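Structure first, commentary second.
There are 2 protein chains.
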Amino acid sequence: MKVACSDCHLRELCLPVGLSDGEMQRLEALINSKRVYAAGDYLYRTGDRFRSLHAIHSGSFKTRVLHDDGREQVTGFLMPGEIIGLDAICTEFHTCEALAMESSEVCELPFSRLEELSRDIPSLQRHLHKIMSREIVRDQGIMLLLGSMRAEERLAAFLLNLSQRNVAHGMSATRLTLRMSRLEIGSYLGLKLETVSRALSHFQGDGLIQVKARSVELLDLARLRVMVGKS
Amino acid sequence: MKVACSDCHLRELCLPVGLSDGEMQRLEALINSKRVYAAGDYLYRTGDRFRSLHAIHSGSFKTRVLHDDGREQVTGFLMPGEIIGLDAICTEFHTCEALAMESSEVCELPFSRLEELSRDIPSLQRHLHKIMSREIVRDQGIMLLLGSMRAEERLAAFLLNLSQRNVAHGMSATRLTLRMSRLEIGSYLGLKLETVSRALSHFQGDGLIQVKARSVELLDLARLRVMVGKS
DNA sequence: TGTCCATCTTGATATATGTCAAAATACGCC
DNA sequence: GGCGTATTTTGACATATATCAAGATGGACA
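In order, the protein sequences belong to chains L and S. With the numbering used here, the residue at position 90 of the first sequence is 90, and numbering never jumps. With the numbering used here, the residue at position 46 of the second sequence is 1046, and numbering never jumps.
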């Protein structure tokens, strides 16, 4: 049976599409069974040949691009239900690298078979396009953040984004567990780790949040939103 | 005859795909004829309903996202042969706005018909995916630039990018005509216009470039590349 | 051709964030 | 449970870039 992974793709690939039972089965048939990655394991590296997209089933990954001189830029933190690897379709080689931030499970989606299937199933085709477009919109949001927001605004936006995605996974809007270090947050937000740390402390001093190592409680969502929207 | 726009999409949509004559004709049939936009005209605005992608035939556009408080972030400068509007597939509403920077011609590509056709023509399907993926890669490059490069590195990267695209259009690698103001460059690069101006002056003082208003000559491509790669 | 307005340059100064350094805290491992 | 290492916090200081303010330049248009 190839239904090993039947719930891994549900969130992202099936549920929103409204496929018939038969179509569902064809999609499931395409999906290779889950693979487990330990914290620090690479899902792929820059320059790796592209064959498959991956749907995160559990755990979390970060993606990053590396500069020649060693500088790195974290380009995303990925959570369950999200699709990873879209950057590589363009050249058939990965242009960034993805690594697990904790023990994680992933489903492999061979891309050429996904393309075949989406030729037969228009709603799947449309959904695939939407996933790619959503990634473009997400990236543009980060460009806005990096290009025109100040340190504390960026951090507020980051916390609210985590909160939102927590909610999307049926978890608390206010209790966050950071899976990443201050250094990684800084890289993602274009800040130094000390700046991230100071901003968190400042937020705490203002009663906006409660920080305890990597668990953060958002005490005043409304004010955080004001910071991001129109500060 | 619906071949009004037969060369507009060639660069981006047909040439690289290797379609048969018949497939070509079907693609051409789909394309609405060219429309002209004057400098400052909107191709679309944030919130507009999405129906079509657009292929730029001549001229140039900028895209930008607006913040609630009026801040803007320029997210791209688009040249002939490039496809605009991919952000809107995701929600069926545009999440940014696009406006002409000079008098420009554009071909409309109704998206649902493009999807239909790409179900029939696998190489077109693949090409559409590549275009979307390329946009994701481009955006990640800008994230790297905004998140981890300094002002002069950003500007060098910007100039080299323009140079490259000039070459792709059969134009000079070293003689650039900027279509955008220092203010717009600054917005794109996450800098203030004064910083852009100073950096240009500094480059000129160093013998890297020759600036005269909006025409720039790149005098030392190699050193510009070093700045971006491993400064 | 000359005037006007937008754009651009340049200088002086302010400020946000980076850098360097040390101490404090948290966490994995024995 | 305690030790050692990695991470985080905090402080003092440095610096890149922003801000404010004149002028200078260039292009559109009469």
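Note that beta-carbon positions come from the ideal geometry of N, C-alpha and C, so glycine has one too. For clarity, every value in this text was computed on a predicted model and none was experimentally measured.
- Interface flag for residue 196 of chain L against chain S is unset, since no Cβ pair is found closer than 7 angstroms.
- Beta-carbon to beta-carbon, residue 107 of chain L and residue 209 of chain L are separated by about 34 angstroms, too far to satisfy the 8 angstroms threshold.
- Residue burial is scored here from C-beta neighbours: residue 87 of chain L has at least 16 other C-beta atoms within 10 angstroms and is therefore classed as buried.
- Inter-segment contact for the stretch 96-105 of chain L and the stretch 56-74 of chain L is present: three or more beta-carbon pairs are separated by less than 8 angstroms.
- Using a Cβ-Cβ cut-off of 7 angstroms, residue 1075 of chain S is close to 140, 143 of chain L, given in chain order.
- Between the stretch 1064-1072 of chain S and the stretch 1142-1155 of chain S there are fewer than three inter-stretch CB-CB distances shorter than 8 angstroms, so the stretches are not counted as touching.
- Between residue 1224 of chain S and residue 1156 of chain S, the C-beta gap is smaller than 7 angstroms, which places the two residues in contact.
- Ranking S:1054, S:1131, S:1050, S:1048 by CA distance to the CA of residue 1037 of chain S puts S:1054 first.
- Assigned with DSSP and collapsed to three states, residue 1214 of chain S falls in coil, not helix or strand.
- Contacts between residue 115 of chain L and chain S, judged by CB atoms closer than 8 angstroms, involve 1122, 1125, 1126, 1129 in chain order.
- Using a 10 angstroms sphere on the CB of residue 158 of chain L, the tally of other CB atoms reaches 16 or more, which defines it as buried.
- Segment contact: the stretch 107-123 of chain L against the stretch 19-28 of chain L, three or more CB-CB distances shorter than 8 angstroms; contact assigned.
- Contact between residue 1176 of chain S and residue 1216 of chain S holds, with the beta-carbon distance rounding to 5 angstroms and staying under 8 angstroms.
- Looking at the backbone, the Cα of residue 94 of chain L and that of residue 39 of chain L are separated by about 20 angstroms.
- Exclusion of the five residues before and after residue 18 of chain L leaves 123 as the residues of its chain whose Cβ lies within less than 7 angstroms of its Cβ.
- In the structure shown, the three-state DSSP call for residue 1209 of chain S is strand.
- For residue 134 of chain L, the residues of chain S that pass the 7 angstroms Cβ criterion are 1090, in the order they occur in the chain.
- For the stretch 48-70 of chain L, the set of residues with a beta-carbon nearer than 8 angstroms to any beta-carbon of chain S comprises 65, 67, 68, 69, in chain order.
- Runs of beta strand (DSSP E) with 3 or more residues, each lying fully within the stretch 104-174 of chain L, are found at 104-110, listed in chain order.
- Its chain contains 108, 109, 110, 111 as the residues whose beta carbon lies nearer than 6 angstroms to that of residue 52 of chain L, once the 5 sequence neighbours on both sides are disregarded; these appear in chain order.
- A direct Cα-Cα distance of roughly 9 angstroms separates residue 167 of chain L from residue 174 of chain L.
- Taking 7 angstroms as the threshold, the shortest C-beta distance from residue 181 of chain L to chain S does not fall below it.
- In this structure, the alpha-carbon of residue 169 of chain L lies about 11 angstroms from that of residue 82 of chain L.
- Of all residues in the stretch 1094-1110 of chain S, only 1095, 1096 place a beta-carbon less than 8 angstroms from a beta-carbon of chain L.
- In the three-state reduction of the DSSP assignment, residue 49 of chain L falls in the strand class, which pools E and B.
- Contact between residue 90 of chain L and residue 1134 of chain S holds: their C-beta atoms lie close to 4 angstroms from each other, under 8 angstroms.
- For residue 41 of chain L, the nearest beta carbon of chain S is not closer than 7 angstroms to its own beta carbon.
- For residue 1092 of chain S, the three-state secondary structure derived from DSSP is coil.
- With respect to residue 186 of chain L, residue 178 of chain L sits apart: the two C-beta atoms are not nearer than 7 angstroms.
- Distances from the CA of residue 1047 of chain S to each of S:1078, S:1184, S:1092 were compared; the closest alpha carbon is that of S:1092.
- When the five nearest sequence neighbours on each side are left out, the beta carbons in the same chain lying within less than 7 angstroms of the beta carbon of residue 203 of chain L are those of 209, in order along the chain.
- Shown in chain order are the members of the stretch 158-191 of chain L whose Cβ falls below 9 angstroms from a Cβ of chain S: 187, 188, 189, 190, 191.
- Under a criterion of Cβ atoms nearer than 8 angstroms, no residue of chain L is adjacent to residue 1020 of chain S; the nearest Cβ is some 17 angstroms distant.
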